[in-house]
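Protein chains: 2
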Amino acid sequence: MRFASPPKGRFDMSNQVTLQTVADRVGVSRTTVSNAYNRPNELGAALRERILQAAAELGYRGPDAAARMLRSGHMGAIGLLFTEDLRFVFTDPDTTSFMQGVAETSALSGTGLTLLPAPPGVALSGTAVDSAAVDGHIVFSVADGDPALESVLSRNQPVVVVDEPDLGNRASFVGIDDRAGARLAAQHLLDLGHTHLAVLLGRLTSETRSGHVGTDRERTATMRIARERIAGYRSAVVDAGLDETSLVLWEAGGNDPDSARRAAVDLIEAHPTVTGLLCFNDQIAIGASQAGQLVGRHIPDDLSLVGFDDVPRALTWDPPLTTIRQPLVDKGRVAADLLLKEIHGGPPRRAILPIELVVRASTAPPLARVD
Amino acid sequence: MRFASPPKGRFDMSNQVTLQTVADRVGVSRTTVSNAYNRPNELGAALRERILQAAAELGYRGPDAAARMLRSGHMGAIGLLFTEDLRFVFTDPDTTSFMQGVAETSALSGTGLTLLPAPPGVALSGTAVDSAAVDGHIVFSVADGDPALESVLSRNQPVVVVDEPDLGNRASFVGIDDRAGARLAAQHLLDLGHTHLAVLLGRLTSETRSGHVGTDRERTATMRIARERIAGYRSAVVDAGLDETSLVLWEAGGNDPDSARRAAVDLIEAHPTVTGLLCFNDQIAIGASQAGQLVGRHIPDDLSLVGFDDVPRALTWDPPLTTIRQPLVDKGRVAADLLLKEIHGGPPRRAILPIELVVRASTAPPLARVD
DNA sequence: ATCAATTACTGAATCGATACAGTAACTTTC
DNA sequence: GAAAGTTACTGTATCGATTCAGTAATTGAT
Numbered sequence: 001m002r003f004a005s006p007p008k009g010r011f012d013m014s015n016q017v018t019l020q021t022v023a024d025r026v027g028v029s030r031t032t033v034s035n036a037y038n039r040p041n042e043l044g045a046a047l048r049e050r051i052l053q054a055a056a057e058l059g060y061r062g063p064d065a066a067a068r069m070l071r072s073g074h075m076g077a078i079g080l081l082f083t084e085d086l087r088f089v090f091t092d093p094d095t096t097s098f099m100q101g102v103a104e105t106s107a108l109s110g111t112g113l114t115l116l117p118a119p120p121g122v123a124l125s126g127t128a129v130d131s132a133a134v135d136g137h138i139v140f141s142v143a144d145g146d147p148a149l150e151s152v153l154s155r156n157q158p159v160v161v162v163d164e165p166d167l168g169n170r171a172s173f174v175g176i177d178d179r180a181g182a183r184l185a186a187q188h189l190l191d192l193g194h195t196h197l198a199v200l201l202g203r204l205t206s207e208t209r210s211g212h213v214g215t216d217r218e219r220t221a222t223m224r225i226a227r228e229r230i231a232g233y234r235s236a237v238v239d240a241g242l243d244e245t246s247l248v249l250w251e252a253g254g255n256d257p258d259s260a261r262r263a264a265v266d267l268i269e270a271h272p273t274v275t276g277l278l279c280f281n282d283q284i285a286i287g288a289s290q291a292g293q294l295v296g297r298h299i300p301d302d303l304s305l306v307g308f309d310d311v312p313r314a315l316t317w318d319p320p321l322t323t324i325r326q327p328l329v330d331k332g333r334v335a336a337d338l339l340l341k342e343i344h345g346g347p348p349r350r351a352i353l354p355i356e357l358v359v360r361a362s363t364a365p366p367l368a369r370v371d
Numbered sequence: 372m373r374f375a376s377p378p379k380g381r382f383d384m385s386n387q388v389t390l391q392t393v394a395d396r397v398g399v400s401r402t403t404v405s406n407a408y409n410r411p412n413e414l415g416a417a418l419r420e421r422i423l424q425a426a427a428e429l430g431y432r433g434p435d436a437a438a439r440m441l442r443s444g445h446m447g448a449i450g451l452l453f454t455e456d457l458r459f460v461f462t463d464p465d466t467t468s469f470m471q472g473v474a475e476t477s478a479l480s481g482t483g484l485t486l487l488p489a490p491p492g493v494a495l496s497g498t499a500v501d502s503a504a505v506d507g508h509i510v511f512s513v514a515d516g517d518p519a520l521e522s523v524l525s526r527n528q529p530v531v532v533v534d535e536p537d538l539g540n541r542a543s544f545v546g547i548d549d550r551a552g553a554r555l556a557a558q559h560l561l562d563l564g565h566t567h568l569a570v571l572l573g574r575l576t577s578e579t580r581s582g583h584v585g586t587d588r589e590r591t592a593t594m595r596i597a598r599e600r601i602a603g604y605r606s607a608v609v610d611a612g613l614d615e616t617s618l619v620l621w622e623a624g625g626n627d628p629d630s631a632r633r634a635a636v637d638l639i640e641a642h643p644t645v646t647g648l649l650c651f652n653d654q655i656a657i658g659a660s661q662a663g664q665l666v667g668r669h670i671p672d673d674l675s676l677v678g679f680d681d682v683p684r685a686l687t688w689d690p691p692l693t694t695i696r697q698p699l700v701d702k703g704r705v706a707a708d709l710l711l712k713e714i715h716g717g718p719p720r721r722a723i724l725p726i727e728l729v730v731r732a733s734t735a736p737p738l739a740r741v742d
């Protein structure tokens, strides 16, 4: 939808109250009124009081945002870029927790938060994504080379990338050690005695694809996190002396439980000897657990499940999920904090947040089986 | 947190590329370049191509947002005001579904979406809430007379209020017939044969309070929806010939399952004869169902539960919830749509969305009991 | 062939506020 | 009591783009 008629502008200038109006009323200069709002200690308290008083009487609401932005060059807002489908953005607990953290920190600093949805396949030009009035951007988990990311980077403003991609020194970064986290998850299953593991991933690229992941597909992965976690899972398997190729990689086609459930059914059918399933996140693990129920596999006796993230539901799910905890809300807070600091002149930084294996009831030693 | 140092402004003017730069390069006037971006059919296609080409070469990213805003008076963004705690905003399925709808519609129209969190007890002045660069506001479910709402209204821009309060002709409105919905819910329980009903509300005011709601407390309610629903529940009870005072009103102190669970335990203890519980929304019903389990009441045999909203989880919950469905995502879409239309010169409107009783497994006739 | 209408462009004024240099009045210092 | 410093203000240039009145060139109508 694009509107034919432009929005009503500021063209009823008749009774516009501006800084000048207030200045005239009080009998001071425009500058002094501006200072009354922005630099309270550059003028006497009594005068300031008189000015604010007059402003209130005239119904003046404070300096016009657009004019201030133009002159001062700062927008008082940060942008939050997503490239996922909006249905996903507002449903996925990882994403909403992250947003909560960002919103908390930006609200505390009095900074506005502008959402910049750039779902795949929608043109960017003329949208908020390339013209939003913001001082910097947080980019949340985007595939390598995404056009929306390029657009954001070309604005030459501070950017904080969260999770992926890793732009090196082109932008600040907030994330975790995904490889180590994945390794921790796999190690846990290996320690329990599992020898037949599989990985159930959400997506390797921004396109939806599901099913077995061969080396060809793996090589095309544009999601950094997926690549890192695969490397982590694999390194634990290799170090345990198992054959690297014995680690089955399977793609769900989405990070939601429904996609995961469907994919897990196929995976279990194709690889019935697998007893330990490494899930890309808790939503995937939830789907996998539903799949287990569907195909008659008891969790954890017939199939152990390790999630990732430790979303609130991981604790209340039946069975409660063993998972790798990462501080999602903090991630949002830290991202906003780094961005705000950088906007105010600080240097770009990298923040790696801690992770932790949380053992609950979705993992157990494999049942002894007659091979 | 407030930053001492102002953000770095636009004071490295050295190699700023502006409309003028592009105009000089091509050898046309500033106006023509502006037209190339904003009014493509006001100039020849070939010239337009040359201009865009030159802009690309110069790395010009299109008209500066702040300058455009100042001159044209329109911001290209809408604000979304919340007064709930941010933890709640991003966790509550009603709210996130609504946000999804708003985000979808604003993204489609190329309009930015600025989040304006105004949790209680945080000063407004100087924050994004009273100075955000937006063309209008959507106000989501706010208590009567909230200061953030007043601040938004004083900007003399289009406002769409969702659910509450009802400002009459001071603002556009999107909501449902809450009274009818509540009536439908109560009627369903009455039809099943229940004679001892209670209402478990989230909150009647923006302050947190839990426990029995007497007439005094009821009279102070500042949340319109709560008042309407109470009236609806009560009207069904009265029309069924039951004593109006037999309808127990109980406040949970929050719209989350945890608050509801705790409150429901107390409620059941205080009023053990109640067999039908009218829950303010599905989150409350989920909490109540957990409470039922805690105190050994089987749902629906020992206690029937009716929710409200029909969030996705209502279907997958055990037992699946009987509820009043309202189109939450649509509500967001409609709100954004009304606001955009009003910004573009349309009149204020009221939209009342449809509701529907969805009968699932959380309600059943009361067990015959020996009184 | 003439006048009117349309198209494609230009130049100047303007939006409202902020930055910055400048200044008058007042205070401190020795 | 003169020089130096501080405080509290003013005046002007400026931010970058859009609007609008106007003009020259082209097309169309009669």
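Protein chains in written order, with our numbering: chain A, 1 to 371; chain B, 372 to 742.
Virtual Cβ for every residue (Gly too), placed ideally from N, Cα, C.
All values reported here derive from a predicted model rather than from experimental measurement.
Exercise for review: Spatial neighbours of B:D515 within its chain, please: CB distance less than 8 Å, with the 5 preceding and 5 following residues excluded, ordered by chain position.
Suggested key: The count along the second sequence starts at 1 and reaches residue 515 of chain B at position 144. If we look at B:D515 and ignore the five residues flanking it on each side, its Cβ neighbours are E535, P536, T593, M594, R595.
**Study point:** Status (buried if at least 16 other CB within 10 Å, exposed otherwise) for A:G292
**Key:** Reading the first sequence from its first residue, position 292 is the one you call residue 292 of chain A. Buried, since its Cβ has 16 or more Cβ neighbours within 10 Å.
Check your understanding: If we call anything under 8 Å between Cβ atoms a contact, is A:A128 one with B:A503?
Key -> Here residue 128 of chain A refers to the residue found at position 128 of the first sequence. Here residue 503 of chain B refers to the residue found at position 132 of the second sequence. Result no, Cβ atoms of A:A128 and B:A503 do not sit closer than 8 Å.
Review point. For A:L115, does the three-state DSSP call read helix, strand or coil?
Key: To locate residue 115 of chain A, count along the first sequence from 1; it is residue 115. Correct three-state label for A:L115: strand.
**Study point:** Residues bridged to A:I176 (per DSSP)
**Key:** Here residue 176 of chain A refers to the residue found at position 176 when the first sequence is read from its first residue. Per DSSP, A:L353.
**Study point:** C-beta contact flag for A:T83 and B:A448 at 8 Å
**Key:** As a working note, residue 83 of chain A is residue 83 in the first sequence. As a working note, residue 448 of chain B is residue 77 in the second sequence. Not in contact: A:T83 and B:A448 (Cβ atoms no closer than 8 Å).
Practice item. Would you kindly work out how many angstroms separate the C-alpha atoms of A:R350 and A:L338, rounded to a whole number? Key: Within the first sequence, residue 350 of chain A is the residue found at index 350, counting from 1. Within the first sequence, residue 338 of chain A is the residue found at index 338, counting from 1. Here the alpha carbon of A:R350 sits roughly 9 Å from the alpha carbon of A:L338.
Check your understanding: Is B:Q471 close to chain A, meaning its C-beta is less than 8 Å from at least one C-beta of that chain?
Key -> By 1-based counting over the second sequence, the position of residue 471 of chain B is 100. When Cβ-Cβ separations below 8 Å define contact, B:Q471 makes contact with chain A.
Point to revise | B:L390, DSSP secondary structure in three states | key: In the second sequence, counting from the first residue as 1, residue 390 of chain B sits at position 19. B:L390: helix per DSSP, three-state reduction.
**Study point:** Residues of the region 447-458 of chain B whose Cβ lies closer than 8 Å to any Cβ of chain A, in chain order
**Key:** So the list reads G447, A448, L457, R458, given in the order they occur along the chain.
Point to revise | chain A contacts made by the region 424-439 of chain B, where a contact means CB separation under 9 Å | key: Within the region 424-439 of chain B, the qualifying residues are G430, R432, G433, P434, D435, A436, A437, A438, R439.
Check your understanding: Based on the DSSP output, what are the partners of A:T322 in its beta bridges?
Key -> By 1-based counting over the first sequence, the position of residue 322 of chain A is 322. Paired residues: A:V306.
Practice item. Using a Cβ-Cβ cut-off of 8 Å, state whether B:F461 counts as contacting chain A. Key: Counted from its first residue, the second sequence places residue 461 of chain B at position 90. True, the Cβ-Cβ gap to chain A drops below 8 Å.
Check your understanding: What number of angstroms, rounded off, separates the C-alpha of B:A356 from the C-alpha of A:P320?
Key -> For residue 356 of chain B there is no data in the structure shown, the boundaries of chain B being 372 and 742.
Check your understanding: So which residues of chain A does B:T498 contact, with C-beta pairs closer than 7 Å?
Key -> Position 127 of the second sequence holds residue 498 of chain B. Those are G110, listed as they occur along chain A.
Practice item. Pick helix, strand or coil for A:G126, following the three-state DSSP scheme. Key: Translated into positions along the first sequence, residue 126 of chain A becomes position 126. Taken through DSSP and simplified to helix, strand or coil, A:G126 comes out as coil.
Check your understanding: Is B:A427 buried or exposed, if buried means 16 or more other CB atoms sit within 10 Å of its CB?
Key -> Residue mapping note: residue 427 of chain B aligns to position 56 of the second sequence, counting from 1. Label assigned to B:A427: exposed.
Review point. Excluding sequence positions up to five away, which residues of its chain have a Cβ less than 6 Å from the Cβ of A:A107?
Key: Walking along the first sequence from the start, residue 107 of chain A turns up at place 107. If we look at A:A107 and ignore the five residues flanking it on each side, it has no Cβ neighbours.
Review point. Thinking just about the alpha-carbon of each residue, which of B:P529, B:L452, B:T646 is nearest to the one in B:L520?
Key: Here residue 520 of chain B refers to the residue found at position 149 of the second sequence. Closest by alpha carbon: B:L452.
Exercise for review: Report yes or no: do three or more beta-carbon pairs, one from the region 601-612 of chain B and one from the region 627-638 of chain B, lie closer than 8 Å?
Suggested key: Segments in contact, no.
Review point. Is the Cβ-Cβ distance between A:H212 and A:D135 less than 8 Å?
Key: One-based indexing of the first sequence puts residue 212 of chain A at position 212. One-based indexing of the first sequence puts residue 135 of chain A at position 135. Taking 8 Å as the Cβ cut-off, A:H212 and A:D135 do not qualify as a contacting pair.
Review point. Roughly how many angstroms separate the alpha carbons of B:S443 and B:Q661, rounded to a whole number?
Key: Stepping through the second sequence from its first residue, residue 443 of chain B is reached at position 72. Stepping through the second sequence from its first residue, residue 661 of chain B is reached at position 290. So the two alpha carbons sit approximately 55 Å from each other.
**Study point:** One or two residues paired with A:F140 in a DSSP bridge
**Key:** As a working mapping, residue 140 of chain A is identified with position 140 in the first sequence. DSSP output for A:F140 lists A:V162 as bridge partner(s).
Point to revise | C-beta atoms of A:I286 and A:W250 nearer than 8 Å | key: Numbered from its first residue, the first sequence carries residue 286 of chain A at position 286. Numbered from its first residue, the first sequence carries residue 250 of chain A at position 250. No, the Cβ-Cβ distance between A:I286 and A:W250 is not below 8 Å.
Check your understanding: Are the beta-carbon atoms of A:C279 and A:A270 separated by less than 8 Å?
Key -> Counting from 1 along the first sequence, the entry for residue 279 of chain A is found at position 279. Counting from 1 along the first sequence, the entry for residue 270 of chain A is found at position 270. Not a contact, by the Cβ cut-off of 8 Å.
Review point. How is B:G582 classed by DSSP in three states: helix, strand or coil?
Key: Translated into the one-based positions of the second sequence, residue 582 of chain B becomes position 211. If DSSP states are grouped into helix, strand and coil, B:G582 belongs with the strands.
Review point. Can you name the residues of chain A whose CB is closer than 9 Å to the CB of B:R526?
Key: To locate residue 526 of chain B, count along the second sequence from 1; it is residue 155. Correct list: R61.
Review point. Quick one, are the C-beta atoms of A:G307 and A:L189 less than 8 Å apart?
Key: Here residue 307 of chain A is taken as the residue at index 307 of the first sequence, counted from 1. Here residue 189 of chain A is taken as the residue at index 189 of the first sequence, counted from 1. No, they are not a contact pair.
Check your understanding: Looking only at C-alpha atoms, which of A:A336, A:P347, A:S362, A:T363 sits nearest to A:G175?
Key -> Locating residue 175 of chain A in the first sequence gives position 175, counting from the first residue. The residue among A:A336, A:P347, A:S362, A:T363 with its C-alpha nearest the C-alpha of A:G175 is A:A336.
Check your understanding: Any Cβ of chain B within less than 8 Å of the Cβ of A:L249?
Key -> Within the first sequence, residue 249 of chain A is the residue found at index 249, counting from 1. No - not a single Cβ of chain B is within 8 Å of the one on A:L249.
Exercise for review: Please classify B:E578: is it buried, with 16 or more other beta-carbons within 10 angstroms of its beta-carbon, or exposed?
Suggested key: Your numbering for residue 578 of chain B matches position 207 in the second sequence. Label assigned to B:E578: exposed.
Practice item. State the DSSP-derived secondary structure class of A:L375, mapped to helix, strand or coil. Key: In the structure as shown, chain A begins at 1 and stops at 371. Residue 375 of chain A is therefore absent and cannot be evaluated.
Point to revise | B:T616 to B:H567 span [Cα, whole Å] | key: Within the second sequence, residue 616 of chain B is the residue found at index 245, counting from 1. Within the second sequence, residue 567 of chain B is the residue found at index 196, counting from 1. CA-to-CA, the gap between B:T616 and B:H567 works out to about 11 Å.
Check your understanding: Distance, Cα to Cα, B:V747 vs A:V22?
Key -> Outside the displayed range of chain B (372 to 742) lies residue 747 of chain B, so it cannot be described from this structure.
Review point. Of all the options B:T591, B:T466, B:P671, B:R401, which has the alpha carbon lying nearest to the alpha carbon of B:N626?
Key: Counting from 1 along the second sequence, the entry for residue 626 of chain B is found at position 255. The shortest Cα separation from B:N626 among B:T591, B:T466, B:P671, B:R401 belongs to B:T466.
Review point. Quick one: is A:S154 buried, meaning 16 or more other Cβ sit within 10 Å of its Cβ, or exposed?
Key: Residue numbering aside, residue 154 of chain A sits at position 154 when the first sequence is read from its first letter. Exposed is the call here.
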